[in-house]
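A.B. asks:
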Ligand SMILES: C[S@@+](CC[C@H](N)C(=O)[O-])C[C@H]1O[C@@H](n2cnc3c(N)ncnc32)[C@H](O)[C@@H]1O
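In the numbering used here, the protein residues as written are 4 to 297.
#1: Is there a C-beta anywhere in chain B that falls below 7 Å from the one on residue 108?
#2: Could you pull out every unbroken alpha helix (DSSP H) segment of at least 4 residues lying fully inside the region 101-168, listed in chain order?
#3: Can you tell me whether DSSP reads residue 246 as helix, strand or coil?
#4: With residue 179 as the anchor, note down where its beta strand (DSSP E) starts and where it stops.
#5: Give me whichever residues DSSP pairs with residue 92 in a beta bridge.
#6: When the Cα of residue 8 is compared with those of 264, 204, 118 and 283, which residue comes out closest?
#7: Exposed or buried, which one is residue 212 when buried takes at least 16 other CB atoms within 10 Å?
#8: How many Å lie between residue 76 and residue 146 at the Cα?
#9: Decide if residue 275 is buried, meaning its Cβ has at least 16 other Cβ atoms within 10 Å, or exposed.
#10: Only counting the same chain, and skipping five residues up and downstream in sequence, which positions put a Cβ closer than 8 Å to that of residue 68?
#11: Is it buried or exposed, residue 111, if we count other Cβ atoms within 10 angstroms and call 16 or more buried?
#12: Taking Cβ to Cβ, would you say residue 54 is nearer than 7 Å to residue 20?
#13: Roughly how many angstroms separate the alpha carbons of residue 25 and residue 105, rounded to a whole number?
#14: Is DSSP giving residue 211 helix, strand or coil here?
#15: Give a yes or no on contact between the region 136-144 and the region 81-92, applying the rule of three or more CB pairs nearer than 8 Å.
#16: Roughly how many whole angstroms lie between the Cα atoms of residue 198 and residue 37?
#17: To the nearest angstrom, report how far apart residue 228 and residue 265 are at their CA atoms.
#18: Three or more C-beta pairs closer than 8 Å, one from the region 159-174 and one from the region 111-121: is that the case here?
#19: Which word fits residue 126, buried or exposed, when buried means at least 16 other C-beta atoms lie within 10 angstroms of its C-beta?
#20: Ordered along the chain, which non-local residues of its own chain (more than five positions away) have a Cβ less than 7 Å from that of residue 218?
#21: Under the three-state reduction of DSSP, which class applies to residue 49: helix, strand or coil?
#22: Over what stretch of residues does the alpha helix (DSSP H) that includes residue 266 continue unbroken?
#23: Taking only three categories from DSSP, how would you classify residue 294?
#24: Could you tell me which residues DSSP puts in a beta bridge with residue 37?
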């Protein structure tokens, strides 16, 4: 159980594949479960298990578990997590790629994959992060918690505060921010010139799923309008199609209505149609009928 808002695990524990780059310590998952579990028989979900750390923790603790990853054929950006898990999660732990810090597909597993969040341009990664958080939020039961372990990175002299981004775009209520000290990083060995401050922490941001029903995520967006203003139109349309699978334009408009009202865009239906033109994410099944691109 977390004793306070700072944690440190010099030894990552015997969980999962320690050679899977970017793996996390099993101890933080254990503390997350012990601190936020509200039901002994509740389900723990991890949509990006990587080397299987969370699975081993769950087995040791006797916690019911559903875990998957892009390398197992589950795509958080295309597939509905609740449907895949088969029931609402009491807890969801997600440890996403820290943008391009480590490439997973074509490196840790398989061929380079266009849905791999570690292989995206920044703009695409941010939208993917928004979409994933909506998906994860909707997969949790009311009063359930989801924890997002995210690190920050420096690239070509700029600092990218990815954990702050998670906080801004997540639809749930932030209940805790746990700072985790990093140990044994590749960057520990690097020599930096000048006064560069080495990044030595990650953050576990813990959110609580609010009352809204799973399909009412757009209402959630309304409730948290200030935080969600930055969510892209495309992420919202993608989320609608994740739930509906194949939908007519009229059905998509209906789902997008509350979001459009919040944005105050008079020409929002044209905006939705414009989003649907992006063949990277959308496929036109027939005139006026759409699904997500494979
Ligand atoms: C930081 S690693 C997770 C490491 C894991 N916690 C462990 O201890 O081994 C991030 C994972 O996200 C997965 N991933 C990337 N894009 C994804 C997507 N679109 N859907 C699901 N998982 C994805 C990668 O395959 C990678 O295993």
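Yeah, the Cβ is synthetic: ideal placement off N, Cα and C, and Gly gets one too.
C.D. replies: Well, looking at it:
#1: Of the protein chains in this structure there is only one, and it is not chain B.
#2: 125-142
#3: helix
#4: 176-184
#5: 143
#6: 204
#7: buried
#8: 29 Å
#9: buried
#10: 46, 47, 48, 49, 57, 58, 61 and 62
#11: buried
#12: yes
#13: 7 Å
#14: strand
#15: yes
#16: 39 Å
#17: Residue confidence for residue 228 is low, a pLDDT of 45 falling below 50, so the modelled location carries little weight; the figure read from the coordinates is stated next. One C-alpha to the other measures close to 7 Å.
#18: no
#19: exposed
#20: The predicted model places residue 218 with a pLDDT of 41, which falls under 50 and marks its position as unreliable; any figure quoted below should be read in that light. Excluding sequence neighbours, residue 218 sits near 246.
#21: strand
#22: 252-266
#23: strand
#24: Per DSSP, none; premise fails for residue 37.
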